[in-house]
Amino acid sequence: MARPALRKPERSAATVLTMRRVYVLPSRAGVAYVVLLVLMLVGAINYTLGLGFALTFFAGACAIVDMVLTVRNLAGLRLVAGRAPPVFAGEEAQFELHLHNDGKADRCAIRIGFHPPGTPWRMQAPHAADVAAGTSTAVALAVPAPRRGWLDAPPVRLTTRFPLGLFGAWSTWQPDLRVLVYPFPEQDAPPLPSRGDASAEGHGTVGLDNFAGIRSYQPGDPVRHLAWRQIARLHPSDGGQLVTKHFDGGAVAELLLDFADLPLQLDLELRLARMTQWVLQAEARALPYAFRLGHHHYPAALGDAHRAACLRALALYGQEGFA
Amino acid sequence: MMRLPVLTRDKADTLLLVVAALLVIAPHFAHLPLWTSATVCVTLCWRALLTLRGRRLPPVWLLLPIALLAMAGVWHSYRTLLGRDPGVAMLALLLAFKLLEMHARRDLFVVLFLSFFLLLTNFFYSQTMLTALGMAVTLVVLLTAQLTFQYTGAVPPLTRRLRLAGKVALLATPLAALLFIGFPRIQGPLWGLPGDARSARTGISDTMAPGSMTNLALSEEVAFRVRFLDPAPPQNRLYWRGVVLSNYDGRTWTRIGGTPYRRNADGLTMGLGGRPIRHEITMEASERRYLFTLELTRPDLPVSGQRVATSDELETFTLRPLQERIRYRATAHSDYTLQADLDPALTGKWLQLPVGFNPLTRAMGARLRALAQERRGGTPEIVDAVLRLLREQHFEYTLAPALLGRDSVDEFLFRTRQGFCEHFAGSFVFLMRAAGVPARVVTGYQGGEFNPVDGYVTVRQSDAHAWAEVWIAGQGWRRVDPTAAVAPERINASLARALPAQAPFGLTGLLALQNDKDSWLSRLRFRLHAMNNAWNQWVLDYNPERQQNFLAELWDKIGTWRTPAAAFLLAALVWGGRRWRQARAADPVQAAYARLCRQLAGAGIVPAPGEGPHSLALRVRALPLPEERKAAYAEFLELYSALRYRALDDDERNRSAARLASLLR
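As you go down the protein sequences, you meet chains B and D in turn.
For the first sequence, UniProt numbering gives the first residue as 1, with consecutive numbering after it.
For the second sequence, UniProt numbering gives the first residue as 1, with consecutive numbering after it.
Structure representation (structure tokens):
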């Protein structure tokens, strides 16, 4: 039989830690306690101390009671996966977990944390939680999200040594919970693309109406937008670099963010990052934008739902489950 | 009004630990050297002060010299670091110092474990019920301190924590009791007891000098307790024979040494008759080897864990000093002869008298002898004459006799006439020997207090008594109690009644009040003594033998088919009761829903918090289940949502609920 403690736990959105799922071992203090009990027993025998026996047995019984209470501190706890809002790559994903105490006794000093697979005793930055009888507590556990796409919550470990600290009880749970990680938005991205369908009134193209300043050159910037005058002023040895003129678009034209328009020589991730940044910029400036990525075609719109749909498409581009 | 400062959690926790340590060490103050107690107190106060002020703990380079100095102090006080008392002193100091050197969680456990062990050492000195009670309180405080440190979030108020610790203790008690009764007992010691393991105790010794009995008479300490298995003899027959003193040097009576170790008393011929009186004696640790039995008992007593020997004078011994309470059974006979066939030529050692002492008594003895010969009387006549003399000459029985000089017997018999049993017995034997009658002093106890609550007779040190034995040809040794001639109430009742009340608030006044069988004080005392006795018999003296007997007895009582049947019935009742209560407690609709949730959990669906029946129904639909099952679940959920959220009339409600329950089967 495989050791159940080390078996990979099954995924579930909600679970109850039954007695059979809670494991218990003496803590280091508990082992020392056993040594103490033996010493006390030897003392009681050697000096024939009737009360010494009583004290020793009582202390031993307290340890056993402690073991049961420690297990019961976890057993019966109902765990429910909560929300896991999307994040951008490079940020920390927050997984919300709810601990429900349906029992009649308070549960105290429960440590909860992710533990990376393969390291059964380690816990990453565990949180301590108390759950009073008949209530629930929410904890948010963080995990770094380095890459776009889906990020599964790692297995969760719950441990407790309450009440006396002589035993440690633990249990694991694999919450059925994942976070959508959006691509990292490109910093200093070029301005929103110039190409777009002109509106019926035809007031010029987006992004070229008003000169808005200069910024450093980004691969893919049109050559005709390079600010030659500024480039000439600074010798490269003085830290000079290519700079691009930066225009604010007029509000009239409809903006189209089309992935296919980005230069193919750019790295895929960089293109996605740029698209991400453009979506954010368009939202920030309240420019309705159409979005085109692979076979995702979203007509021009604004708002959280639109933004989420676009970012989701970007996050999952080229990945399993991309549809 | 002064307000208590609001303490931060850390401070409050530490103070609780200091209080627990103080509770642990406090009982030891009674026997620790004064400087040790003072050091411990100062250290604990220091710790408390540091905590209150929020200061840092002293560095190791300051603590270490202090601790070493304390160890040196222990050595100076005891001249050793080994053994019980110095060990306890060191542990107490260690605990106090350790509180000043706490940095990690591990240190907390070190403090707690030291406390537990120190609690145990307390029983070297006292194992009374009161000690046990104190121990229980201290334990709960210790447990409270221990669990206080386990909280990671908000710490509930002290009363809640005390209640939790109490709960742990309460849950542990039955288990501890079971362990106490059932855990195999090993008879100690495992290794030689250190020399100071037991301190000297008062009790009958193997010498008798003026004043030795008087000292005992003031001690309320229990010598032994007796349970009679046959009807008890009257008070005036309760002579507990112990030590026989035959040598006299003019001041002190001593035993004849040299013949104690004999397994069977070959030199003893006994004739035992009359009603046998079986009795069981629980003797306190006396540090001596004498066993006391009701006169007259055959000497070959079985005593578990001890080898028993008998001397030619019919004293019963163990080979090792009695370092713990022992229990043994004996059978006494009220009608006996002892060494009736002794060769008179061998009685010389019981006629020995020191030369040059007590001329008056010697002369009187010679007169008595001459008188008896004249009247053709024998030893009984001489004994009677002396007893008559004692009765008629206004002798006084008192705890505070006048001091006696060199010729103590002369002075006592002819001048002061005040004395205690040792005076009467010693003088009587002297006089007998002067009259040519082999005689000796027997010491032991006389009487005892019958406790109507538990039926035990308690014999105390104050019941210590000395009487005489004279040897009569053809009859052997006969007991003669000269004290009975002077103060018969001493023998018929007990010491306290025999002594005249001197001062209303003095010792004797109090004794008299105690001794009034009907006073509330007496009744209270009897209850207390019975409790104490039960405590001794069941807690302190629960040795391997008693454990075996008890378990065997228990097995006899419960080892039938009835016990498992009763246990099974009880378990079934408890289970049924719980089910019934659960069913009663919940709303039937909710109960049905809970049942559904259990069934769905089996299929892998657990409703999320706040998930309604409709969304659950959607998920159920996707389950790989038989269609009729899914249909039943769907109907159930629809009905459930109607019951919960729609306004229904009672009739409709009942019908729906019934249908709901039927759907899950």
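Each residue gets a CB set at the ideal place from its N, CA and C atoms; glycine is no exception.
Please report the straight-line C-alpha distance between residue i and residue j, rounded to a whole angstrom.
i	j	result
Q281(B)	P146(B)	22 Å
Q599(D)	L151(B)	31 Å
L22(D)	F109(D)	16 Å
A200(B)	V243(B)	At A200(B) the pLDDT is 39, less than 50, meaning the model places this residue with poor confidence; the figure from the coordinates comes in the next sentence. When rounded, the distance between both Cα atoms is 33 Å.
residue 331(B)	T458(D)	Residue 331(B) cannot be examined here, being either before or after the span of chain B that is shown, 1 to 323.
Q393(D)	F228(D)	38 Å
A565(D)	F149(D)	45 Å
R298(D)	A340(D)	15 Å
L660(D)	L596(D)	10 Å
G50(B)	H103(D)	36 Å
residue 668(D)	L69(B)	What is shown of chain D runs 1 to 665, which leaves residue 668(D) out entirely.
F636(D)	Q582(D)	22 Å
P194(D)	A44(B)	Note on P194(D): pLDDT 49, under 50, position unreliable in the model; the coordinate value appears next. Rounded to whole angstroms, P194(D) to A44(B) spans 14 Å at the Cα level.
G113(B)	L139(D)	34 Å
residue 394(B)	V16(B)	Residue 394(B) is absent from the model: chain B starts at 1 and stops at 323.
L616(D)	S641(D)	11 Å
L119(D)	V137(D)	11 Å
Locate the beta strand (DSSP E) running through residue i, then write down its first and last residues.
i	result
M283(D)	M270 to M283
F420(D)	First-last for F420(D): undefined, no H or E at that position.
I66(D)	No beta strand (DSSP E) holds I66(D); the alpha helix (DSSP H) holding it covers V60 to Y78.
T458(D)	Y456 to R460
A318(B)	Per the sequence presented here, residue 318(B) reads as Gly, with Ala not at that position. Element bounds for G318(B): n/a, residue is neither H nor E.
H465(D)	A464 to I472
A290(B)	Y289 to L293
If you measure from the beta carbon of residue i to each beta carbon in chain B, is any gap under 9 Å?
i	result
F149(D)	yes
F428(D)	no
P86(D)	no
P607(D)	yes
I186(D)	yes
M283(D)	no
F224(D)	no
L179(D)	yes
D407(D)	no
residue 702(D)	Residue 702(D) is absent from the model: chain D starts at 1 and stops at 665.
N533(D)	no
E628(D)	no
Measuring only between beta-carbons, confirm whether residue i sits less than 9 Å from chain D.
i	result
Q319(B)	no
residue 336(B)	Examination of residue 336(B) is not possible in this model, given that chain B is present from 1 through 323 alone.
S216(B)	no
G50(B)	yes
D188(B)	no
S171(B)	no
P86(B)	no
I45(B)	yes
A129(B)	yes
E269(B)	no
Here's the rule: buried if 16 or more other CB atoms are within 10 angstroms of the residue's CB, otherwise exposed. What is residue i?
i	result
P500(D)	At P500(D), the pLDDT of 47 sits below 50, so the modelled position is not reliable; the number obtained from the coordinates is stated separately. The residue in question, P500(D), is exposed, as its Cβ has fewer than 16 Cβ neighbours within 10 Å.
E313(D)	buried
D172(B)	A quick correction: the sequence has Thr, not Asp, at residue 172(B). So T172(B) ends up on the buried side.
M275(B)	buried
H465(D)	buried
H115(B)	buried
A200(D)	Reliability of the predicted coordinates at A200(D) is poor, the pLDDT of 47 falling under 50, and no value is obtained from them.
H306(B)	buried
L68(D)	exposed
P263(B)	exposed
Taking the alpha helix (DSSP H) that residue i falls in, what are its first and last residues?
i	result
S522(D)	W520 to W535
E411(D)	S408 to E411
P299(B)	Run containing P299(B): none in the alpha helix (DSSP H); it sits in the beta strand (DSSP E), H296 to A301.
F636(D)	E627 to Y645
W278(B)	L268 to A284
Task: Length-filtered (3 minimum) beta strand (DSSP E) runs lying within the stretch 311–393 of chain D - done: 316–318 and 326–338
- [ ] Tell me the start and end of each unbroken alpha helix (DSSP H) in the stretch 111–164 of chain D that is at least 4 residues and wholly inside, in chain order.
- [x] 129–148
Task: Minimum length 3: unbroken beta strand (DSSP E) runs contained in the stretch 142–167 of chain B - done: 149–152 and 156–160
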